[in-house]
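Engineer: There's a structure below that I have some questions on.
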Amino acid sequence: REFSVSYQNGQPVLYMGLDQVRHLTRRTQARILSQRPFTSLADFFARVDPRPVEAENLVRAGALQGLGAIPELLSQLQGGSARHVGQLPLFSFQGAADANSVEDWPLAHKVAAEETVLGVGVSAHPLDLVASQVAAAGAIPTLDAASRVGQTVRLAGTRQSWRRAHTSHGDTLYFMAFEDLEGSLDVIIPSEVQRRFHQIFSGQDPFLLEGLVERDPSGGEPYIRAEKAFSF
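Under this note's numbering, the first residue of the sequence shown is numbered 88, with each subsequent residue one higher.
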């Protein structure tokens with residue numbers, strides 16, 4: 088049910104627990120764990136007896152892909168007939184396509200579904216979905232930017248945290264942790280920049296950030312003073 092770590096070929100793999108799946112009851116989780124493995128969607132239904140919303144969320148989250156491609160599994164779910172608890176599910180499998188011949192969802196579609204059902208995308212980082220735009224924009228990794236104090240740089244990433252503070256002069260500053268595939272950097276956003284690019288900063292999608300790399304005089308850590316932001 089919970090998150091767990093397993094080592095495969097010497098490398099740690101993080102597993103997301105069933106408790107993260109929306110609307111999945113403890114009863115259904117327990118039956119999945121006690122009855123696994125399953126050989127087909129019909130076998131899964133017969134031995135777990137999930138509610139339709141539970142089965143659909145598991146499919147959309149990618150948890151049942153070992154039983155077929157997501158579009159084919161959803162098609163089978165929609166073809167099921169009404170049933171009562173304790174009865175075998177009545178699926179219309181006649182004419183169902185071979186799972187290997189069904190084109191699966193594109194990566195962006197999978198990640199969007201995972202974010203809805205699990206609260207986070209697990210098939211890919213959001214930046215993976217815009218890799219070509221990131222390269223075309225000339226963005227550099229945060230690790231490289233940290234060594235370019237005094238230079239204006241362009242980064243691509245996502246907002247991880249956000250807070251507001253007031254200076255002794257009465258001005259408002261915004262502080263953001265900006266993360267990419269290699270690390271993160273703190274970002275200071277002046278109030279006028281926040282007003283101009285509020286829509287971009289307030290979203291959850293990856294975006295381009297342009298600003299000056301400065302160094303904190305007290306702690307010595309580099310940060311970005313934001314000047315512009317661009318959505319993909």
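The C-beta atom is built at its ideal place from N, Cα and C for all residues, glycine as well.
CB Ala243 to CB Ala264, shorter than 8 angstroms?
Structural biologist: As a position in the sequence shown, residue 243 is number 156, starting the count at 1. As a position in the sequence shown, residue 264 is number 177, starting the count at 1. Not closer than 8 angstroms, so no.
Engineer: Report back the beta-carbon spacing between Phe262 and Ile275 to the nearest angstrom; my notes put them in contact at under 8 angstroms.
Structural biologist: Mapped onto the sequence shown, residue 262 falls at position 175. Mapped onto the sequence shown, residue 275 falls at position 188. Indeed, because the Cβ distance is near 6 angstroms, the residues count as touching under 8 angstroms.
Engineer: Give me, in chain order, the residues of the same chain whose beta-carbon lies closer than 6 angstroms to that of Val172; leave out the 5 immediate sequence neighbours on both sides.
Structural biologist: The count along the sequence shown starts at 1 and reaches residue 172 at position 85. Its pLDDT being 44, under 50, Val172 is placed unreliably by the model, and the measurement read from it follows with that caveat. Taken in chain order, the list of residues that qualify is empty.
Engineer: Which residues share a DSSP beta bridge with Ser93?
Structural biologist: As a position in the sequence shown, residue 93 is number 6, starting the count at 1. Beta-bridge pairing links Ser93 to Val100.
Engineer: Unbroken alpha helix (DSSP H) runs of length 4 or more, entirely within the segment 184-208: which are they?
Structural biologist: Qualifying alpha helix (DSSP H) stretches, in chain order: 194-205.
Engineer: Report the option in Gln238, Leu296, Asp231 whose CA atom is closest to the CA atom of Arg246.
Structural biologist: As a working note, residue 246 is residue 159 in the sequence shown. Ranking Gln238, Leu296, Asp231 by Cα distance to Arg246 puts Leu296 first.
Engineer: Within a Cβ cutoff of 8 angstroms, which residues of the same chain sit near Tyr100, ignoring the five residues on either side of it in sequence?
Structural biologist: If you number the sequence shown from 1, residue 100 lands on position 13. Per the sequence shown, residue 100 should be read as Val rather than Tyr. Taken in chain order, the residues that qualify are Val92, Ser93, Tyr94.
Engineer: Enumerate in chain order the residues of its own chain whose CB-to-CB distance from Thr115 is below 7 angstroms, with the five nearest sequence positions on each side excluded.
Structural biologist: For the purposes of this step, residue 115 is taken as residue 28 along the sequence shown, with counting starting at 1. Cβ within range, chain order: Val135, Pro137, Glu141.
Engineer: Count the CB pairs spanning the segment 194-213 and the segment 139-153 that are closer than 8 angstroms, and state whether there are at least three.
Structural biologist: Yes, the segment 194-213 is in contact with the segment 139-153.
Engineer: Return the CA-CA distance between Leu177 and Leu161, expressed in angstroms with no decimal places.
Structural biologist: Reading the sequence shown from its first residue, position 90 is the one you call residue 177. Reading the sequence shown from its first residue, position 74 is the one you call residue 161. Low local confidence applies: a pLDDT of 49 at Leu177 is under 50, so the model's placement there is unreliable, and no value is given.
Engineer: Classify Glu269 as buried or exposed, calling it buried when 16 or more other Cβ atoms lie within 10 Å of its own Cβ.
Structural biologist: Sequence index remark: in the sequence shown, residue 269 carries index 182 (1-based). Looking at its Cβ environment, which holds fewer than 16 other Cβ atoms inside 10 Å, Glu269 is exposed.
Engineer: Looking at Leu260: is its Cβ nearer than 8 angstroms to the Cβ of Ile311?
Structural biologist: Locating residue 260 in the sequence shown gives position 173, where the first residue counts as 1. Locating residue 311 in the sequence shown gives position 224, where the first residue counts as 1. Not closer than 8 angstroms, so no.
Engineer: Quick one: Cα of Pro293 to Cα of Leu120, how far?
Structural biologist: Position 206 of the sequence shown, counted from the first residue, corresponds to residue 293. Position 33 of the sequence shown, counted from the first residue, corresponds to residue 120. Taking the straight line from one Cα to the other gives about 36 angstroms.
Engineer: In its own chain, which residues sit with a C-beta less than 6 angstroms from the C-beta of Arg250, not counting the 5 before and 5 after it?
Structural biologist: Position 163 of the sequence shown, counted from the start, is the residue given in the question as residue 250. The answer, listed in chain order, is Phe262.
Engineer: Would you call Val236 buried or exposed, if buried means 16 or more other Cβ atoms sit within 10 Å of its Cβ?
Structural biologist: Reading the sequence shown from its first residue, position 149 is the one you call residue 236. Counting Cβ neighbours within 10 Å, Val236 comes out exposed, since fewer than 16 surround it.
Engineer: Please list, in chain order, all residues of the same chain as Asp106 whose beta carbon is under 8 angstroms from its beta carbon, the five residues on each side excluded.
Structural biologist: Stepping through the sequence shown from its first residue, residue 106 is reached at position 19. Same-chain partners within the cutoff: Arg88, Glu89, Gln116.
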